[in-house]
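As given, the protein sequences belong to chains W and U, one line each in that order.
So that you can map any letter, position 430 of the first sequence is 429 in numbering that gives the first Met the number 0, and since no number is skipped, the others follow by simple counting.
So that you can map any letter, position 60 of the second sequence is 59 in numbering that gives the first Met the number 0, and since no number is skipped, the others follow by simple counting.
All C-beta atoms in this analysis are idealised placements derived from N, C-alpha and C, irrespective of residue type, glycine included.
Inspection log for the structure reproduced underneath, given as structure tokens.
Protein chains: 2
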Amino acid sequence: MRSEFARLGLDGFLVPRADQHQNEYVAACEERLAWLSGFTGSAGLAIVLKGSAAIFVDGRYSLAVKDQVDLAIFKPVAWTETSPSDWLEANLSPGARLGYDPWLHTPGEVKRLGKATHAAGVELVGVEPNPIDTVWTDRPAPPLGKITLHGLKFAGETAKRKLARAAAALGAKDALLVSDPHAVAWVFNIRGHDVAHTPLPLGYALILKEAKPHLYVDARKLDNHTRDKLSGLADIEEPERLARDLQVLGEQGKKVVFDSATAPAKLAAILKEAGGACEFGQDPVVAMKARKNVTELEGARNAHLRDGTAVVRFLHWFAIHAPGGNVSEIDAAQALETFRRDTGKLKDVSFPSIAAAGANAAIPHYRVTIKTNAKIRRGIFLIDSGGQYEDGTTDITRTVAVGKPTALMRDRFTRVLKGHIAIARAVFPKGTTGAQIDAFARAPLWRASLDFDHGTGHGVGSYLSVHEGPQRISKLGSAALEPGMILSNEPGFYHAGHWGVRIENLVVVERREIAGAEREMLGFETLTLAPLDLALIEPKLLDGEEIAWLNAYHARVRREISPLVEPKVRRWLHDATRRIGARR
Amino acid sequence: MRSEFARLGLDGFLVPRADQHQNEYVAACEERLAWLSGFTGSAGLAIVLKGSAAIFVDGRYSLAVKDQVDLAIFKPVAWTETSPSDWLEANLSPGARLGYDPWLHTPGEVKRLGKATHAAGVELVGVEPNPIDTVWTDRPAPPLGKITLHGLKFAGETAKRKLARAAAALGAKDALLVSDPHAVAWVFNIRGHDVAHTPLPLGYALILKEAKPHLYVDARKLDNHTRDKLSGLADIEEPERLARDLQVLGEQGKKVVFDSATAPAKLAAILKEAGGACEFGQDPVVAMKARKNVTELEGARNAHLRDGTAVVRFLHWFAIHAPGGNVSEIDAAQALETFRRDTGKLKDVSFPSIAAAGANAAIPHYRVTIKTNAKIRRGIFLIDSGGQYEDGTTDITRTVAVGKPTALMRDRFTRVLKGHIAIARAVFPKGTTGAQIDAFARAPLWRASLDFDHGTGHGVGSYLSVHEGPQRISKLGSAALEPGMILSNEPGFYHAGHWGVRIENLVVVERREIAGAEREMLGFETLTLAPLDLALIEPKLLDGEEIAWLNAYHARVRREISPLVEPKVRRWLHDATRRIGARR
């Protein structure tokens, strides 16, 4: 790669862990950072200079990065402590030229980087093709996952109507560049197979105010039936054509809406240089996608019922086998995946399972590897996993005791449960954001001088990404919670070096009809159906309303799941969901 | 005023309700908006064009403005519905020239106005002197309130040390322009008498990195003793000299910190045009002032004990006289002020009292006038008031029943109380903002589909403004709550057209020592001492912890206030603070 620097007149180059769409899961051909450095985390940035190189990672990966990269070549840097801008200022001399790939950064990122480099007297230059691609001789080909139609029985609204709604949202603008493949999938009612865990068709769309939309996907991903269906909705073009089409819109002086979060800087530059105007903001399709319709919600309920039977079978299996001491983290993750596959409907797991025993459970984003794979012993076991089904995406975390838990474990689990119930039972007026209610989940921990260092909940798609925005429950959650939005409710507690607790159900925002209501109120319906381990609950810490919630939730799990599982599992479930008494 | 337009070549002029410092209370000579329009609210903006005029007010003043202004001349506009920018775009033609007084707007405001007028093809021009001042022949003279020293026994830290801390906060910058008179007062340990209700000395200061500070105040406000004391700390200059000093700093290419919230655009322009650089942000003195030291906190406790005796005497007086039906809102406000004056220590009330009976209490910012003055009858009476004492500023709201309250009143009052207690009992980690805990005060109302449309709490100064930042408890409260900050805790509920409830105590952020704490935790100490009306409390709605808080608070009020009041008041207080039982 450095040999390319001389040819290109560069003093350095930026290698983000990103594809053209800022996706969470990227195709193998986009894993430039992993190819270059060995680092496989889901977020990171390498800056390679002529004589040195740094790799920026966040707290989740501060240990892993040291195992994965050659420390003689890459210096790991904590992103939160040193910004890439500060590092560049200290390591580049005025007059230096720093390259970046304009397809892998948003215009906002380029602007921020430009400010920092300008202050240091460094020139920031877009470079094409990416010098890594020039030297990466065994680079995999781009994926050609088949595109399938996502039927109306799952989508609940025709693509035609969605496209019309998106066009109507344009206002005084002439076009919308849909650069987020999740939004492309949703608005065209299609799904793809280009990346792991999320059924994405990589591609773009242009929604025009006064013409047929354009869908930019590789033709080889389409069979004749799908092509025929989509041709009725849009002109189907090769992705390479998008640049030319934006060029033409630019020459016509058109105003095009760009999604700030995902649009590549390159495309914005093409439009602007041709004379057009970019309007940066949130893609209106992203907001439409977040509010699930009745069909999607019905699908979500069915998916959770099916997923719940798999989880209940797993918990029963675990209760029998784990105490023997011969079950490893990987065994448990595989067992759960097998139960999910046995439903006959699993398309994929929605992310790599987190199956964590003992101290591994104290690492919120732990991912089991052959190297770390621990045998499950007396204590606490945490499993965070999910499934992709055509009717819905699931995400659930259960923490279970192996053997008799300590009083401290019960205290902490119960506080986390109190926070979980506070969110599940929350009632709030229309317009309330996730930031406003996040502390409800933390208050029972705060009272004991405890907290957890992640958000309380993230948005979830409908047979799409298990992490979607704009909805979230966290101090950064600035989007109003709206009916139909699906979110996770997952407070936790991590006893560093010892064990961890997390309780996660998915919930959907729903209207709350209250007699004589003065305001339009919202609340949550819980979608996830699986028991919470009663052995970890200290009833004395729960108030009457919390106990009532727990008993009602367990009664519902028992009522809905029992008919779907075999007798021995049913008997176990009846005991696992037994009613508990109020505190004295 | 319009006659000046021709002379100045203007098509319109902006008249904000503002002085040079964006103060809440302004001197009589700064009441340009009231002089021009008759409108006396604390926030508003008139835009006067050649043939029309609009006055922009917020919801608090939508009714009052119609009574106060001549509707044949001024069209009232709701600020939240139509922005001045939108109105200007609709009412001015391209090429028009709109004037503003560069002393009465911050640079940020001018920038926003400039963008809007630029888009409409209108030229925004700074005009000096203000054309109103030219035609306002009986304009009052600027105030010359005496400046007094705020003794170390109240301030707790010498001005010398405060000035050194402020200078140390400059970092790479050369100077700090202190444009907020509250910050000038705090950093020099002085108080003034230039505006109502807040002991402000109008003036500026320049804190220089490598020279003696400058204090810009009218020399006539200083007696010889005060002048001598202050001369040791700073060069005392006439306010007119500030422009010249900024000019010199500009010519030297200096970087000066400007407070975005209060610095006038004129001063920023002088510095920039001379070649200097303005660094906009929060004045570091404002952040220092917000964290009260131990002496200020001890003072606050003493002030609240003294103020509490006045409030208790008032509540006793009210309990005797109000049921007779011959007490008016003004009578009640005057009685409370008299009890405060009787302490012998009252310097001023900290704002005009809100004394509201019946439907008037449903207006959160109601201010009694001779015209609206209602007799207090059976129902609910709300009084929100405060005192300025040399050792501290108080602000308290009590809602009391006259006669037997209805079940609805008791339900609503108790929900407001639950919210109040939730804030009073809150425990939260260091770094938590007011926005994160605001919903604790609302949750009991939300559960009944109710809410209140104001923040839960504002910051309070130490013998300074009853409204100070950056601390606040509201969805907009982005400042971290830090030990020593004083805030109000004042949830409410307003039954429009009928009655209103608000419960307000002041609280101070304090460290919470918790055995074996994992994190540095904070909580609140309640400062205000006065009973809450038990007749309005429905114990069935309170949980055991809430009842325990209420009983402990009342026991503390009784213990601390009883020794300071006469026997008949003491007897009343003992009954008013009696212990209540837990719900069954």
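#1: So, for U/L270: in the same chain, excluding its five sequence neighbours on each side, which residues have a beta-carbon less than 7 Å away from its beta-carbon?
#2: Return yes when the Cβ of U/F451 is within less than 8 Å of the Cβ of U/G491, no when it is not.
#3: When the distance is taken between beta carbons, is U/L103 closer than 8 Å to U/A26?
#4: Looking at the structure shown, is U/L70 part of a helix, part of a strand, or coil, going by DSSP?
#5: Is the CB-CB distance between U/D10 and U/L97 below 8 Å?
#6: Check whether the segment 226-246 of chain U and the segment 63-71 of chain U touch, using three or more Cβ-Cβ pairs below 8 Å as the test.
#7: Along chain W, in chain order, which residues have C-beta atoms closer than 8 Å to that of U/D574?
#8: Taking all protein chains shown into account, do 16 or more other C-beta atoms lie within 10 angstroms of the C-beta of U/I593, making it buried, or fewer, making it exposed?
#9: I'd like to confirm the pairing. Which residues does DSSP put opposite W/F279 in its beta bridges?
#10: In terms of residues, what are the limits of the alpha helix (DSSP H) holding U/W571?
#11: If contact means a Cβ-Cβ distance below 7 Å, which residues of the segment 537-566 of chain W contact chain U?
#12: Return the residues of the segment 441-462 of chain W that lie within a Cβ-Cβ distance of less than 9 Å from chain U, sorted by chain order.
#13: Hey, would you say the C-beta of W/G249 is under 7 Å away from at least one heavy atom of the ligand HEM?
#14: Buried or exposed for W/R583, please, with buried defined as at least 16 other CB atoms from any protein chain shown within 10 angstroms of its CB.
#15: Decide if U/V399 is buried, meaning its Cβ has at least 16 other Cβ atoms within 10 Å, or exposed.
#16: According to DSSP, simplified to helix, strand and coil, what is U/L526?
#17: Between the Cα of U/L266 and the Cα atoms of U/L176, U/K74, U/L531 and U/T197, which residue gives the shortest distance?
#18: Does any CB atom of chain U fall closer than 8 Å to the CB of W/Q435?
#19: Which residues, taken in chain order from the segment 493-522 of chain W, show a beta carbon closer than 7 Å to some beta carbon of chain U?
#20: Could you confirm whether any beta carbon from chain U is found closer than 8 Å to the beta carbon of W/R583?
#21: Could you say which of U/K567, U/N550 and U/H117 lies nearest to U/L91 if we only look at CA atoms?
#22: Between the alpha carbons of U/P538 and U/R441, how many angstroms are there, rounded?
#23: Starting from U/L304 and walking both ways along the alpha helix (DSSP H), at which residues does that stretch end?
#24: Tell me which residue opens and which closes the alpha helix (DSSP H) that U/N90 is part of.
#25: What residues from the segment 464-485 of chain U come within 7 Å of chain W, judged by C-beta to C-beta, listed N to C?
#26: Closest Cβ-Cβ distance between U/T141 and chain W: below 8 Å?
#27: Buried or exposed for W/A218, going by 16 or more other Cβ atoms inside 10 Å?
#28: Cβ of U/P83 less than 8 Å from any chain W Cβ?
#29: Examine chain U for any beta-carbon lying closer than 8 Å to the beta-carbon of W/V310, and answer yes or no.
#30: If contact is defined by three or more beta carbon pairs under 8 Å, each pair taking one atom from either stretch, is the segment 184-193 of chain W in contact with the segment 140-159 of chain W?
#31: Since W/Y365 and W/A355 are thought to touch, with beta carbons under 8 Å apart, how far apart are those beta carbons, to the nearest angstrom?
#32: Drop a sphere of 10 angstroms on the beta-carbon of W/P562, count the other beta-carbons inside from all chains shown, and report buried for 16 or more, exposed for fewer.
#33: Report the option in W/P469, W/I46, W/F4 and W/M484 whose CA atom is closest to the CA atom of W/Q281.
#34: W/L314 and W/P530: beta carbons closer than 8 Å?
#35: Report yes if the CB atom of U/V507 is closer than 8 Å to the CB atom of U/L296, and no otherwise.
The answer reads as follows:
#1: One-based indexing of the second sequence puts residue 270 of chain U at position 271. Within the same chain, U/L270 has close Cβ partners L245, L248, G249, V255 and C277.
#2: Counting from one through the second sequence, the residue named residue 491 of chain U turns up at place 492. Counting from one through the second sequence, the residue named residue 451 of chain U turns up at place 452. Cβ distance < 8 Å, so U/G491 and U/F451 count as in contact.
#3: As a first step, residue 26 of chain U is located in the second sequence; it is residue number 27 there, counting from the start. As a first step, residue 103 of chain U is located in the second sequence; it is residue number 104 there, counting from the start. No, the pair does not count as a contact, with Cβ atoms beyond the cut-off.
#4: Here residue 70 of chain U refers to the residue found at position 71 of the second sequence. U/L70: coil per DSSP, three-state reduction.
#5: Your numbering for residue 10 of chain U matches position 11 in the second sequence. Your numbering for residue 97 of chain U matches position 98 in the second sequence. For U/D10 and U/L97, yes; Cβs fall inside 8 Å.
#6: no
#7: Stepping through the second sequence from its first residue, residue 574 of chain U is reached at position 575. Neighbours of U/D574 on chain W: none; closest Cβ ~31 Å, over 8 Å.
#8: Nothing can be reported for residue 593 of chain U, as the shown portion of chain U is limited to 0 through 583.
#9: For the purposes of this step, residue 279 of chain W is identified with residue 280 of the first sequence, where counting begins at 1. Answer is W/F257.
#10: By 1-based counting over the second sequence, the position of residue 571 of chain U is 572. Its alpha helix (DSSP H) spans residues P566 to A575.
#11: D542
#12: R441, A442, W445, R446, A447, S448, L449 and D450
#13: Absence of the ligand HEM is noted for the structure shown, with no ligands found whatsoever.
#14: Translated into positions along the first sequence, residue 583 of chain W becomes position 584. Reliability of the predicted coordinates at W/R583 is poor, the pLDDT of 48 falling under 50, and no value is obtained from them.
#15: To locate residue 399 of chain U, count along the second sequence from 1; it is residue 400. It is buried - the Cβ of U/V399 has at least 16 other Cβ atoms within 10 Å.
#16: Your numbering for residue 526 of chain U matches position 527 in the second sequence. In this structure, U/L526 counts as coil in the three-state DSSP scheme.
#17: Translated into the one-based positions of the second sequence, residue 266 of chain U becomes position 267. Nearest C-alpha to U/L266: U/L176.
#18: Residue numbering aside, residue 435 of chain W sits at position 436 when the first sequence is read from its first letter. It does: the Cβ of W/Q435 has a partner Cβ on chain U nearer than 8 Å.
#19: I513, A516, E517, R518 and M520
#20: The residue labelled residue 583 of chain W in the question sits at position 584 within the first sequence. In this prediction, W/R583 has a pLDDT of 48, which is less than 50 and means its spatial position is unreliable; what the coordinates show is noted afterwards. So, not an interface residue.
#21: If you number the second sequence from 1, residue 91 of chain U lands on position 92. Of U/K567, U/N550 and U/H117, the residue nearest in Cα terms is U/H117.
#22: Here residue 538 of chain U refers to the residue found at position 539 when the second sequence is read from its first residue. Here residue 441 of chain U refers to the residue found at position 442 when the second sequence is read from its first residue. So the alpha carbons of these two residues sit roughly 19 Å apart.
#23: In the second sequence, counting from the first residue as 1, residue 304 of chain U sits at position 305. Unbroken alpha helix (DSSP H) run through U/L304: V293 to H320.
#24: Position 91 of the second sequence, counting from 1, holds the residue named residue 90 of chain U. Residues P83 to N90.
#25: K474
#26: For this step, residue 141 of chain U is matched to residue 142 along the second sequence. Before going further, note that residue 141 of chain U is Pro rather than Thr in the sequence given. Not closer than 8 Å to any Cβ of chain W, the Cβ of U/P141 fails to qualify, so no.
#27: In the first sequence, the residue the question calls residue 218 of chain W occupies position 219. That one is exposed.
#28: The residue you call residue 83 of chain U lines up with position 84 of the second sequence. Answer no: the Cβ-Cβ gap between U/P83 and chain W never drops below 8 Å.
#29: Along the first sequence, one-based indexing puts residue 310 of chain W at 311. No, its Cβ sits nowhere closer than 8 Å to a Cβ of chain U.
#30: yes
#31: Sequence index remark: in the first sequence, residue 365 of chain W carries index 366 (1-based). Sequence index remark: in the first sequence, residue 355 of chain W carries index 356 (1-based). The Cβ separation is near 5 Å, so the contact holds.
#32: Translated into positions along the first sequence, residue 562 of chain W becomes position 563. W/P562 is exposed by the Cβ-count criterion.
#33: Residue numbering aside, residue 281 of chain W sits at position 282 when the first sequence is read from its first letter. Closest by alpha carbon: W/P469.
#34: For the purposes of this step, residue 314 of chain W is taken as the residue at position 315 of the first sequence. For the purposes of this step, residue 530 of chain W is taken as the residue at position 531 of the first sequence. Yes, the Cβ-Cβ distance between W/L314 and W/P530 is below 8 Å.
#35: The residue given as residue 507 of chain U occupies position 508 in the second sequence. The residue given as residue 296 of chain U occupies position 297 in the second sequence. Their beta carbons are under 8 Å apart, which means U/V507 touches U/L296 by this criterion.
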